[in-house]
Amino acid sequence: MFFRKSTTKSTAISFETFLSGTPARDYVLRDAPYAEQIERAAEMLRDADSVLLGAGAGMSAAAGAQYGGTFFEEQFGEFQKIYGKGPYMQDMYYAGFYPFPDQEAKWGLWSKLALTAGANLDVTPLHRTLLSALADKPLFLLSTNADHQFEKAGLPAQQIFATQGSYTRIQCSRGCHPKTYPAVHLFREMDAARQNGRIPSDMVPKCPVCGADMAMNLRVDNRFVEDAAWHEAERRFGAFLLGNLDRKLVLLELGVGFNTPTIIRFPFEKLVREHENVRLLRLNVGEGAAVPASFGNRALGIDADMAKSITDIVRTMNEA
Ligand SMILES: NC(=O)c1ccc[n+]([C@@H]2O[C@H](COP(=O)([O-])OP(=O)(O)OC[C@H]3O[C@@H](n4cnc5c(N)ncnc54)[C@H](O)[C@@H]3O)[C@@H](O)[C@H]2O)c1
Ligand SMILES: [Zn+2]
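Read the sequence shown against my numbering and you will find it ends at 597, with the numbers running on by one and no gaps.
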């Protein structure tokens, strides 16, 4: 049998299984040998009429993006000295949520964080490898990543819907008007001018409409601004999906976990449930790679570091 029932997830209801609507007992982890799964994945992709990529934080992580550990100590040590390590200052993601005393301090850290996680980040070799294997297919990317790595790797912006915002743009903190503003040049100026973790007061950006403070254009609450470009990407995404739902569409899920599973993970499962010709290829590690058994051969979850699984799938595709 290709699948085996997951032994660690019993019939108990957890938050994750409650959210997903798929009974926990229906989730299965792989049973077949790794090489066999890679073969099947390559075949699934070769056979596809079109591919919808769904990328989460795990894709950037597998490609080499670092957020915590010694990387954070080296890059953000000056902020650890000021604020202590505490629960926030050990990781870029959590550091962003620090309750800064004022805007000068907030942008002191955020300008560096936004540059490090966004404009200055380049972990694209793995993304390029994947894109090279799918070059002849209609392709679209739904992503919760804000770091533009697929775009940097050459995927045209018109084929990307990044739902959670961008590390390169800012918006009104009140969300008073539906516009976002490019800010990499501001971040670079702030980064250069920072002293003791703070930027000069005259550099603090203000909303051109209401005068309030500005914020990153990242979805942290309901004030997140979905601007014209966001809505245009949403429209293109909808058109792609509608145009491909009746074809052999493969949903290739890349490192999507349970932080925001309602954006990619659960909708992908729903699409497979409702459309016979749609298939799911889920790349993740550990239990994140489980797929509903009821999908049979239409779903495959590969439990392996994507730096390896993606490379192996692409190599196998090219060998054929
Ligand atoms: N790069 C970014 O832009 C970034 C980074 C962190 C968080 N975020 C934000 O936070 C939220 C995160 O949600 P999410 O569901 O994407 O993340 P998540 O943290 O819930 O899940 C990441 C998943 O990737 C898997 N993974 C990690 N490393 C892997 C590897 N090497 N190989 C295979 N799988 C691997 C993990 O098992 C996990 O299931 C998003 O909504 C996003 O907006 C964005
Ligand atoms: Zn405003």
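Ideal Cβ placement from N, Cα and C applies to all residues, glycine included.
Contact between the segment 414-432 and the segment 450-465 is absent: fewer than 3 CB-CB pairs across the two stretches fall below 8 Å.
Beta-bridge pairing by DSSP links Gln448 to Ala492. In chain order, Met594 and Ala597 place their CB closer than 7 Å to the CB of Arg323, counting only its own chain and leaving out the 5 sequence neighbours on each side.
When only Cα atoms are considered, Tyr370 and Pro376 end up about 13 Å apart. For Val328, same chain residues with a beta-carbon under 6 Å away, outside a window of 5 residues either side, are Leu411, Lys414, Leu416, Val527 and Leu529 in chain order. Going by C-alpha positions, Ala506 is about 43 Å away from Asp308. A contact between stretches requires three or more CB pairs, one per stretch, nearer than 8 Å, and the segment 465-478 fails this requirement with the segment 339-348. As DSSP reads the structure, Ala439 sits in a beta bridge with Ser420.
DSSP lists Asn561 as the bridge partner or partners of Asp580. Apart from sequence neighbours up to five positions away, no residue of its chain approaches Glu351 with a beta-carbon distance below 8 Å. Counting C-beta pairs closer than 8 Å gives three or more between the segment 388-395 and the segment 468-477, which meets the contact rule.
DSSP, read as helix, strand or coil, puts Leu528 in strand. For Val328, the enclosing beta strand (DSSP E) begins and ends at Ser327 to Ala332.
Remark: C-beta atoms of Asp326 and Lys525 approach each other more closely than 8 Å. Each residue's CA atom was taken as its position, placing Tyr444 and Ala566 some 28 Å apart. About 5 Å separates the beta carbon of Gly442 from that of Arg496, a gap short enough to meet the 8 Å contact definition. Residue Pro482 holds the alpha-carbon nearest to the alpha-carbon of Ala460 among Met321, Pro482 and Phe374.
For Trp384, the closest of Val568, Leu531 and Asp490 by C-alpha to C-alpha distance is Asp490. The Cβ-Cβ distance between Gln314 and Ile579 falls below 8 Å. With distances taken between CA atoms, Phe545 lies nearest to Leu522 out of Gly563, Leu522, Asp498 and Ile359.
Between Ile541 and Val549 a beta carbon distance of about 13 Å is seen, past the 8 Å cut, so the two are scored as non-contacting. Apart from sequence neighbours up to five positions away, the residues of its chain that approach Tyr360 with a beta-carbon distance below 6 Å are Met366, ordered along the chain. His404 is the residue among His404, Gly363 and Gln435 whose C-alpha sits nearest the C-alpha of Val591. When rounded, the separation of the alpha-carbon atoms in Asp424 and Asn536 is 17 Å. Ligand 1 has a heavy atom closer than 7 Å to the beta-carbon of Asn561. Within the DSSP secondary-structure output, Val533 pairs in no beta bridge. Taking C-beta atoms as the reference points, Glu503 and Phe438 fail to come closer than 8 Å.
Rounded to whole angstroms, the Cβ separation of Phe353 and Ala372 is 6 Å, and the two are in contact under 8 Å. Between Asn561 and Gly346, the CB-CB gap reaches or exceeds 8 Å. Per DSSP, the continuous alpha helix (DSSP H) segment holding Asn521 begins and ends at Ala505 to Asn521. DSSP lists Ile447 as the bridge partner or partners of Tyr458.
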